[in-house]
Each structure stands twice: as C-alpha cells, then as structure tokens.
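Student: Quick note on our numbering: the sequence shown kicks off at 10 and runs consecutively.
The structure under discussion is supplied below as structure tokens; questions concerning it will follow.
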Amino acid sequence: MKIVVIGPEALRLGYESGGAEFVSTDTPQEALQQVLESSSKEGVGMLLIASMFAQPIQTDIDRIRATRPLPLILEISDFEKKPREQSEWLSSIAAIFGIKVS
Numbered sequence: 010m011k012i013v014v015i016g017p018e019a020l021r022l023g024y025e026s027g028g029a030e031f032v033s034t035d036t037p038q039e040a041l042q043q044v045l046e047s048s049s050k051e052g053v054g055m056l057l058i059a060s061m062f063a064q065p066i067q068t069d070i071d072r073i074r075a076t077r078p079l080p081l082i083l084e085i086s087d088f089e090k091k092p093r094e095q096s097e098w099l100s101s102i103a104a105i106f107g108i109k110v111s
C-alpha cells in the first residue's frame, strides 16, 4: 500500500525522503481534487493532507471517509497552522489517571 501526501511544496523533502508519494497543491480546492483522484487509485492505503488544506474542506473529506474504507485519510500538521487543540475528554482522562498527555 502506498502513502500519498497532499500539501505545500515546503513539506515535499521530508515526506518523499520517507518513501511517500508527494502531491504539491496551492489551494484547498486543488487539495480536494487530489484527494478524489488519489483515493480512487489502486494501491493507495493512506492519504495525509496538510491541515492548511484539510480544515477548509473538512466536510468533503468526511463525506469521502464515510463512503470508502480505504484509503485512510488523515490530517497532518504543516508550517502554516498550529495543530488542533487537545479535546476536553483527553484532558479529563489524563487528569483522572494523573498522567501528562502531550
């Protein structure tokens, strides 16, 4: 199974050196088009999408996830946006068990 990364050119080197196929995009609409194309390709097991593109098209990504078990579609951090905050339930569980989750 292949891993395809969709994001800005600045992320290319790191992911390609790790063996992933990289698709450079400039807008969320281009990213959505690449998600649709890549998710219909044979052998693609995972799509990683930079958060700067994934967040604006989240509804479309959720629709694709609901109709196909593969590829697994995940949002990754990029240089433009900070990662999403931890959910409240995760913080609550950490407090109950006395552990630090980072």
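Just so it is clear, CB atoms sit at the ideal spot from N, CA and C, and this is done for glycine as well.
Computed from a prediction, not measured in an experiment: that's the story for all the values here.
#1: Quick one: residues in its chain with C-beta nearer than 7 angstroms to the C-beta of R21, no 5 flanking neighbours on either side, listed in chain order?
#2: Nearest to M61 by CA position, among E39, S48, S26 and G28, is which residue?
#3: The beta strand (DSSP E) spanning L81 covers which residue range?
#4: Per DSSP, I58 forms a beta bridge with which residues?
#5: Mapping the DSSP letters down to three states, classify S33 as helix, strand or coil.
Tutor: Reading it off the structure:
#1: F31 and S33
#2: E39
#3: L81 to I85
#4: I15 and E84
#5: strand
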